[in-house]
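Participant:
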Amino acid sequence: MDKSYQSAAAAVADIPDGASLAVGGFGLSGVPITIIRALLASGVGGLEVVSNNCGVDGWGLGELLAAGRIRRVIASYIGENREFGRQYLAGEIEVELTPQGTLAERLRAGGVGIPAFYTATGAGTAVSDGGMPLRYAPDGSVAITSDPKELRPFDVFGAPREYVLERAIRTDYGLVRAAVGDRHGNLRFEKAARNFNPLAAMAGRITIAEVDELVEPGVLGPDDIHLPGIHVDRVVVLTPEQSSDLPIEKVTVRPRPAATGTER
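Residue 51 in UniProt numbering is what sits at position 51 of the sequence shown, and the numbering runs on without skipping anything.
1) Per DSSP, isoleucine 208 forms a beta bridge with which residues?
2) Evaluate isoleucine 208 with the Cβ neighbour count: other Cβ atoms within 10 Å of its Cβ, from every protein chain shown; 16 or more gives buried, anything less gives exposed.
3) If I'm right that aspartate 172 touches serine 20 with Cβ under 8 Å, what's the distance once you round it to whole angstroms?
4) Which same chain residues, not among the five before or five after alanine 8, have their C-beta less than 7 Å away from its C-beta?
5) Note down the Cα distance separating alanine 11 from glycine 27, rounded to an integer number of angstroms.
6) Hey, is the stretch 100-114 in contact with the stretch 145-159, meaning 3+ C-beta pairs nearer than 8 Å?
7) Is the Cβ-Cβ distance between valine 56 and leucine 175 less than 8 Å?
8) Mind checking aspartate 233: buried by the 16 CB within 10 Å criterion, or exposed?
9) Looking at aspartate 182 and valine 142, is the spacing between their C-beta atoms short of 8 Å?
10) Who does alanine 75 pair with in a DSSP beta bridge?
11) Please name the residue or residues paired with valine 49 in a DSSP beta bridge.
12) Give me the Cα-Cα distance between aspartate 129 and threonine 119, rounded to the nearest whole angstrom.
13) Applying the 10 Å Cβ sphere with the 16-neighbour rule, what's the burial state of phenylalanine 84?
14) Buried or exposed for isoleucine 114, going by 16 or more other Cβ atoms inside 10 Å?
15) Report the partner residues of serine 128 according to the DSSP bridge assignment.
16) Are the CB atoms of histidine 226 and leucine 187 within a distance shorter than 8 Å?
17) Look at glutamate 150 and leucine 134 and say whether their C-beta atoms are less than 8 Å apart.
18) Among all the DSSP beta bridges, which residues are the ones paired with valine 215?
19) How would you call glycine 43, buried or exposed, if buried means at least 16 neighbouring beta carbons within 10 angstroms?
20) Nearest-angstrom Cα distance between glycine 122 and proline 255?
21) Can you tell which of Arg152, His184 and Ile15 has its C-alpha closest to the C-alpha of glycine 218?
22) Have a look at isoleucine 169 and alanine 258 and give me their C-alpha separation to the nearest angstrom.
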């Protein structure tokens with residue numbers, strides 16, 4: 001089955017207002033920016049986004065956020081996106097902050113059909129006890145808080161402790177970025193871009209992948225496939241210009257020591 005699409009616009013054409021999206025990427029690595037921009041151009045809004053973070057100001061999911069297209073975010077941190085923080089504190093957006101490992105496992109569980117799981121992360125904190133601010137009111141007061149979650153003791157590693165029940169995440173669509181894909185939807189990711197992309201792809205009922213390179217089935221060897229095509233429904237190949245749009249989130253430099261002739 002040929003899953004390739006002529007354009008990102010065609011691939012996202014059926015995404016409606018209010019859809020839920022699992023979006024790959026970590027910071028600026030592995031972000032499906034061309035698909036995100038196609039969504040922005042389509043005019044859809046009221047989106048619920050599940051992603052490690054919500055991009056940065058003016059790039060990635062930050063573009064949808066700045067345009068007021070996102071109503072709710074499930075993420076592990078707000079990060080460097082000032083507009084994300086502003087909208088959250090101003091009560092313009094609902095945010096469910098989730099521990100990063102828990103978020104990854106919630107997406108994976110949704111992809112493999114596990115409805116919920118227990119984890120020690122967050123047990124005995126506001127994560128399990130409830131009361132975390134989900135939405136603020138315009139006056140700065142807390143309008144909506146998180147509900148308590150089920151706790152259960154387990155003696156797993158020789159000492160009993162409490163574990164919190166976390167529910168799986170399943171979204172309407174998954175949006176991911178890969179280095180290489182074939183027409184059957186098999187994907188290979190480039191180094192750090194592997195991050196949340198396989199998990200977001202698994203969690204989406206319909207998953208759209210943008211790829212730097214599209215190859216014929218059989219070119220990718222079995223050991224080169226990081227995500228099998230059964231999890232991918234649509235593949236969009238990027239132009240060289242789209243593929244090279246890879247900004248650096250933070251550039252850190254330091255002075256090199258003067259050469260003394262004794263370095264090894």
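C-beta atoms are modelled at their ideal positions from N, C-alpha and C, and glycine is treated no differently.
Facilitator: From the atom records:
1) Isoleucine 208 has Leu175 and Arg234 as its beta-bridge partners, per DSSP.
2) With a 10 Å radius around the Cβ and a threshold of 16 neighbouring Cβ atoms, isoleucine 208 comes out buried.
3) About 5 Å separates the CB atoms of aspartate 172 and serine 20; that is less than 8 Å, so the two are in contact.
4) Thr34, Ile35, Ala38, Glu210 and Val236, listed in sequence order.
5) Straight across, the Cα-Cα distance linking alanine 11 with glycine 27 is about 24 Å.
6) Contact annotation: the stretch 100-114 does not touch the stretch 145-159, with fewer than three C-beta pairs closer than 8 Å.
7) Cβ distance not < 8 Å, so valine 56 and leucine 175 don't count as in contact.
8) By the 10 Å Cβ count, aspartate 233 comes out buried.
9) Not in contact: valine 142 and aspartate 182 (Cβ atoms no closer than 8 Å).
10) In the DSSP assignment, alanine 75 forms a beta bridge with Leu97.
11) When DSSP reads this structure, valine 49 sits in a beta bridge with Leu21 and Val73.
12) Cα-Cα distance, rounded: 14 Å.
13) Buried: at least 16 other Cβ atoms inside 10 Å.
14) Exposed, by the Cβ-count rule.
15) DSSP lists no beta-bridge partner residue for serine 128.
16) Yes, the Cβ-Cβ distance between leucine 187 and histidine 226 is below 8 Å.
17) Glutamate 150 is not a Cβ neighbour of leucine 134, given a cutoff of 8 Å.
18) Here valine 215 is bridged, per DSSP, to Asp182.
19) Label assigned to glycine 43: exposed.
20) Taking the Cα positions, glycine 122 is about 41 Å away from proline 255.
21) Checking every option, the nearest Cα to that of glycine 218 belongs to His184.
22) Those two C-alpha atoms are separated by around 53 Å.
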